[in-house]
Structure formats: structure tokens, C-alpha cells
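Reviewing the structure listed below.
Residue numbers (my numbering): 2 to 664.
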């Protein structure tokens with residue numbers, strides 16, 4: 002392969018070490034080793050071979066472990082005379098020398114991207130010697146110290162600048178009257194301290210298409226020139242700051258991407274009129290917006306609108322009725338507002354809907370009762386409202402998370418839930434459900450899959466769901482696809498815990514508390530090998546606490562209080578750490594630590610007594626039957642020989658007997 006010029010091995014399935022023999026490809030111009038979101042694991046032990054690639058112009062390594070080369074990688078790369086683009090991302094690099102030996106790099110290098118590594122310490126001032134740079138991306142590293150405008154004063158060709166510190170210890174100390182020597186098209190600053198006021202120098206960047214100033218602790222009112230600038234932007238992100246004031250009367254941006262993120266600020270006033278025909282994604286979540294949601298909000302015809310997040314405000318009124326122009330909308334979050342009324346059927350019928358979150362409002366009625374199935378729905382959260390009626394049966398095959406927590410749903414659990422092969426979060430707690438837990442719950446394959454299978458279900462949007470795990474309410478976001486949970490607590494369910502539920506081998510959290518469930522805890526509950534926090538309290542369960550529970554290595558929290566359980570509490574394995582008596586209280590028949598009631602070694606416990614009584618009764622019944630049959634047989638033998646034997650011996654009796662019979 003002496004003439005090979007372009008080599009792309011991204012997401013190949015070989016795995017292991019990248020061979021140094023790649024250095025023999027003397028005419029190689031471009032090498033791509035991108036393994037982001039791939040199953041293979043690669044590493045490079047040393048990089049000296051790369052210096053022999055004298056024709057090299059572009060190197061891209063993503064998710065390749067370079068930690069063993071941290072001390073030498075810069076020296077090796079610096080020997081490449083024609084290198085123009087260097088991308089080293091998520092490669093665990095941890096060292097960047099303060100005095101950079103930029104010899105060749107200072108001359109055809111114009112793009113340097115080193116984000117998502119472990120580069121620490123101060124950003125070298127000598128980075129300003131790379132005067133040909135057009136793109137510099139060094140965010141998501143644990144930088145610290147101070148970066149001044151002097152670092153950037155020689156980078157006159159810069160159009161792309163992305164910086165951020167994963168440990169939030171980097172300060173950007175730019176002069177208030179600084180006029181940059183460049184004109185950026187992309188500016189990304191995140192997790193840095195850039196001062197309390199809005200950076201005035203950004204106004205001079207008249208070519209901006211992408212602007213992100215996120216998690217920078219800036220406060221005050223957004224200057225008017227930002228909203229004017231937004232009309233030329235494709236992407237505007239001012240999220241997670243302390244900005245306040247009113248939003249513009251009309252919010253709109255232009256360009257092919259069209260994304261606006263203003264979440265987690267202190268913006269006030271009413272919801273602006275949205276230029277939806279010019280916006281694809283919008284988030285104003287967790288602000289202080291108030292007023293009635295406009296009924297004509299979606300009357301215009303938007304093009305390819307994908308995501309709308311208005312959650313965490315004080316919006317009131319009904320959800321708009323007109324949604325039929327939003328055919329591409331995938332993500333809707335109106336949670337944690339003061340909305341009332343019913344869910345419009347036009348919202349339920351959106352063909353592309355993947356995530357619907359309307360929790361923590363005052364909505365009522367029977368949701369989406371005209372829908373027969375959701376073709377693309379993955380997650381739905383209607384919790385903490387006033388919905389009523391039976392549990393809906395319109396779930397689609399792709400549903401992964403269902404939360405109906407805290408409503409007034411009634412009736413039995415529909416067997417249709419068992420056919421949802423990807424379901425791994427089911428929260429129907431605090432409703433008025435009755436009947437038994439369907440045995441077919443044991444067939445829900447989503448709770449029987451390795452958690453890694455759900456990594457592919459991650460969406461590009463910030464999905465959040467509040468769930469109760471280990472006795473406390475937590476908000477799950479990026480790790481939501483890694484959780485397997487069933488919560489049916491606070492209902493009126495009865496009957497027994499079906500044995501089939503022990504087939505859910507990857508179930509993490511099981512909460513059945515506050516029902517009327519009776520019978521024994523399944524003896525083979527130990528088959529739930531990944532169970533971490535079962536809560537079976539406040540039911541009518543009886544019998545022993547199964548010994549198989551002690552064999553679950555993931556078990557970290559248990560609650561079986563207020564039942565009718567009896568017998569000795571196990572002291573093996575994890576049970577040694579369950580030293581809070583409250584998790585066993587309300588079971589008069591239980592004994593042993595951590596309870597004060599000790600077990601009597603000479604007196605069998607209640608269940609043993611019951612078992613012994615049953616055994617004795619069975620033995621007594623068998624004995625009585627044996628005596629009966631013995632008496633019958635003996636009676637027959639004695640009676641037979643008493644008569645027949647006498648007739649055989651006494652001829653006169655025999656003759657008289659035969660005359661009586663007429664023989």
C-alpha cells in the first residue's frame with residue numbers, strides 16, 4: 002500500500018492496539034480513527050512512528066486511549082511538516098507542555114481540536130504562536146488558572162473558537178474594551194468564569210452563526226444587540242446563567258440549524274411570539290415566564306420544528322388546540338407549569354412524537370383516548386395531574402418509559418403492558434388501581450435485557466424524569482436509559498406477588514408498598530440478581546423473608562415493614578448492613594437482630610409450628626386410615642374363619658347350615 006493516501010478505520014471491529022506499521026504508509030495524507038459510540042476499544046502505546054508520515058495533512062483520533070503517550074505526543078506531532086488539521090478528542094491525554102515546541106505546527110496547521118481529554122493546568126500562552134489557526138477547540142478539559150486576551154492577540158485568522166473547563170476553574174479575563182483581531186463564525190464558551198456582565202466584545206463578531214455562552218455565571222439584562230444579532234444566528238445558547246429581564250416580543254433566528262436555548266435563567270414576563278417557521282429547537286425551561294399560553298401559538302406553518310421545552314415556568318391556561326402543522330415535532334415538555342384543561346387530541350396524534358412530558362400541572366380527563374397506538378413514542382410522563390379513567394391501552398411497541406404517577410387512574414393493570422418489549426421504566430404509583438399484578442409481567446423483556454442495550458436509545462435532547470428510588474425522589478436524565486424500575490406503590494392492588502416476576506433478571510428497583518397484596522414473598526426472589534431496592538411495606542404479606550434475598554449482591558436497601566411476616570431475620574451477607582429496625586417493624590412474628598425481639602431457639606417459630614401441625618395432622622390421618630383398613634381386614638379374616646373353620650370341624654353344624662340354605 003505504498004501509494005495509499007486516505008485511510009479511514011473509524012468504527013472498525015478489530016479492537017486492540019493501533020499498529021505502529023501504519024508509519025510505513027509514507028504517502029498517507031489523511032488518517033481517521035474515530036471510535037466515538039463504537040463497541041471496539043483501541044489504544045496507542047507510543048506515537049514515534051507518526052513522524053515518518055511526511056505527507057500527512059489531517060489526523061483525526063476520537064475515543065482512542067492515548068494516555069501512555071501523554072508525555073511524547075506533542076513532540077511526535079510537531080515533526081509533521083504538512084499537518085493542517087489535528088483532531089484528538091476523548092483520548093485521555095493529560096499533558097500539554099507550557100512551552101510548546103511549535104516549529105512545524107506554527108507554519109500549513111490551521112485547525113486544532115483537543116476537547117474532552119484530561120489536559121490540566123494553565124493554557125499555554127504560546128498557543129498564540131499558531132498564527133495560521135482558523136479553528137481552536139479546547140473545551141471539556143480540566144483547565145485552571147487565567148486566560149487573557151493576550152493568548153488570542155495573534156490569531157488573526159481565527160473563525161472557530163471553543164473553550165471550556167470541566168472542573169469550572171478557568172477564568173477568561175478579557176479587557177472590557179478589548180477589540181478582537183478576528184471575526185468568528187462560531188463562539189463556544191462553557192463552564193468558565195467570564196465576569197458578571199455580558200461580554201461586550203462579542204458585539205464586534207459580525208459573522209457569528211453559532212453562539213454559546215453557557216454556564217458562565219453572567220448576570221444582568223441581555224443587551225438588545227444580542228436579540229438583533231439572533232436574526233443572523235443558526236444557534237443561540239445562553240443557558241444556565243443568571244440573566245433576567247423580558248424576552249423580545251418576537252423570538253426568531255435564521256439558518257439551517259435554528260436552535261435557541263435560554264433555559265435555567267431568570268427571564269420574566271410573558272412567552273414571546275415564536276417565529277416557529279424559523280426555529281427548529283426551543284428551550285426556555287426553568288425561568289419565570291408567566292401568563293396564559295397563547296391559543297394561536299402554533300397557527301403559523303413551521304418547517305421541521307423538532308423540540309419545544311417550556312417546562313418549569315408559571316404558564317397558565319389550556320394547551321393550544323392546533324397542532325396539525327407540527328408534523329415533525331418529536332419532543333414536547335410542558336411540565337411544572339400551571340396548565341389546566343384536557344390534552345388536545347391533535348397533540349396526541351402528532352406522527353413523529355417521541356417524548357411527551359406534561360407532568361406537574363392541573364390537567365384532567367382521559368388522556369389521548371382517541372389514539373389507538375403511538376408509532377414512534379418512546380417516553381411519556383403524565384405524572385402529578387388529575388387524569389382519571391382506566392389505564393390507557395394505546396402504548397406503542399417502542400415505548401421505553403411510562404410515568405403516570407400521582408393521578409386518579411382506576412381499574413386493573415392492562416395485560417397489554419406485557420407486550421411492550423422495550424419497556425424498562427414503569428411508574429404508576431399513587432393512583433387508584435385495583436386487581437392483581439398480571440402474571441404476564443414476567444414476560445416483559447425490557448426488564449430482562451442487559452442495561453447496555455439501552456445506550457442506543459439516548460436522544461439528543463435533555464430528557465428528565467423524576468422517579469422514587471431507594472426511598473427518595475431523584476431526577477434521572479442521562480442515566481435514565483440505564484435504570485430498570487417498576488413502581489406500583491400507593492394503589493389498591495390485591496392478590497399475590499406472581500412468581501413470574503422473578504424472571505425480570507435485570508430489574509433494579511421494585512416498589513409495591515401501600516397496597517393490599519397478600520401471600521408469601523416468592524421464595525426464588527433471589528433470581529432478581531440486579532435488584533437494589535425492593536419495597537414491599539404496608540401490605541398483607543405473610544410467611545418468611547426468603548433466604549434467597551441474601552444472595553442478591555446488588556441489594557442495598559430493603560423495606561418489608563407493616564406486613565404479617567414471621568420467622569427469624571437472616572444475618573447473612575447484605576442483611577448484616579440492614580441494621581435499621583424500622584424496615585422490619587409492624588411484623589409481630591419477626592425476630593432477631595436488628596429487632597429487640599430475639600428468637601427462642603427451643604421454640605419453633607409460627608411458620609414452623611404451622612408446618613409441624615400440618616405434618617402431625619397428615620400423620621394422624623394416615624394412621625387412622627391404616628387402623629381402619631387393618632380392622633376391616635382382620636374382621637374379615639376372623640369372621641371368615643370363625644364361620645368356615647367351625648363348619649369344617651363340626652359335621653353336624655355343617656349339615657344343619659346346608660339344610661338351611663336348601664342344599
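We put the CB at the ideal spot given by N, CA and C, even for glycine.
Looking only at its chain, what residues have a beta carbon closer than 8 Å to the beta carbon of residue i, apart from the 5 residues adjacent to it on each side?
| i | result |
| --- | --- |
| residue 330 | 306, 307, 308, 309, 324, 351, 353, 354 |
| residue 572 | 593, 594 |
| residue 5 | 26, 28, 29 |
| residue 95 | 68, 71, 118, 119, 120, 121 |
| residue 599 | 592, 593 |
| residue 157 | 132, 182, 183 |
| residue 1 | Any property of residue 1 remains undetermined from this structure, which presents the chain solely from 2 to 664. |
Report yes if the CB atom of residue i is closer than 9 Å to the CB atom of residue j, and no otherwise.
| i | j | result |
| --- | --- | --- |
| residue 84 | residue 115 | no |
| residue 240 | residue 215 | yes |
| residue 86 | residue 40 | no |
| residue 77 | residue 117 | no |
| residue 203 | residue 171 | no |
| residue 236 | residue 212 | yes |
| residue 515 | residue 491 | yes |
| residue 166 | residue 182 | no |
| residue 69 | residue 45 | yes |
| residue 403 | residue 427 | yes |
| residue 275 | residue 294 | no |
| residue 29 | residue 48 | no |
| residue 122 | residue 153 | no |
| residue 430 | residue 489 | yes |
| residue 499 | residue 544 | no |
| residue 414 | residue 393 | no |
| residue 226 | residue 252 | no |
| residue 511 | residue 547 | no |
| residue 360 | residue 384 | yes |
| residue 265 | residue 287 | yes |
| residue 378 | residue 357 | yes |
| residue 445 | residue 382 | no |
| residue 540 | residue 521 | no |
Leaving out five residues on either side along the sequence, give the residues of the same chain with a beta carbon under 6 Å from the beta carbon of residue i.
| i | result |
| --- | --- |
| residue 386 | 362, 364, 408 |
| residue 186 | 160, 208, 210 |
| residue 609 | Interpretation of residue 609 is limited by its pLDDT of 42, a score under 50 that renders its predicted location unreliable; the figure taken from the coordinates is listed afterwards. There are no such residues. |
| residue 258 | 235, 236 |
| residue 318 | 293, 294 |
| residue 219 | 199, 242 |
| residue 52 | 77, 80 |
For residue i, which residues in the same chain have their Cβ closer than 7 Å to its Cβ, ignoring the five residues on either side in sequence?
| i | result |
| --- | --- |
| residue 1 | Residue 1 lies beyond the residue range present for the chain, which begins at 2 and ends at 664; the question has no answer from this structure. |
| residue 376 | 352, 397 |
| residue 16 | 41, 42, 43 |
| residue 611 | For residue 611, the predicted model reports a pLDDT of 44, less than 50, meaning its position is unreliable; a value from the coordinates is still stated below. Excluding sequence neighbours, residue 611 sits near nothing in its chain. |
| residue 441 | 416, 419 |
| residue 150 | 175, 176, 179 |
| residue 2 | 26 |
| residue 195 | 173, 217, 219 |
| residue 1 | The structure shown does not extend to residue 1, since the chain spans only 2 to 664, so no value can be given for it. |
Where does residue i fall in DSSP's three states?
| i | result |
| --- | --- |
| residue 299 | coil |
| residue 409 | strand |
| residue 443 | helix |
| residue 116 | coil |
| residue 163 | strand |
| residue 155 | coil |
| residue 670 | Here the chain comprises residues numbered 2 to 664, so residue 670 is not present and cannot be evaluated. |
| residue 574 | helix |
| residue 479 | coil |
| residue 400 | coil |
| residue 69 | helix |
| residue 448 | helix |
| residue 436 | strand |
| residue 274 | strand |
| residue 593 | coil |
| residue 144 | strand |
| residue 12 | coil |
| residue 33 | strand |
Any heavy atom of the ligand MN closer than 8 Å to the CB of residue i?
| i | result |
| --- | --- |
| residue 529 | Summarising the ligand content, the structure contains no ligands, and the ligand MN is consequently not present. |
In chain order, each beta strand (DSSP E) run of at least 3 residues that lies wholly inside the region 484 to 565: You should have 486 to 488, 510 to 512, 519 to 521, 534 to 536, 541 to 544.
The region 311 to 325 / the region 366 to 383 touching (three or more Cβ pairs under 8 Å): no
Touch test, the region 469 to 478 against the region 496 to 504, Cβ-Cβ under 8 Å, three pairs minimum: no
Unbroken stretches of the alpha helix (DSSP H), 4 residues or longer, contained in the region 180 to 257: 225 to 230
Length-filtered (4 minimum) alpha helix (DSSP H) runs lying within the region 345 to 375: 346 to 349
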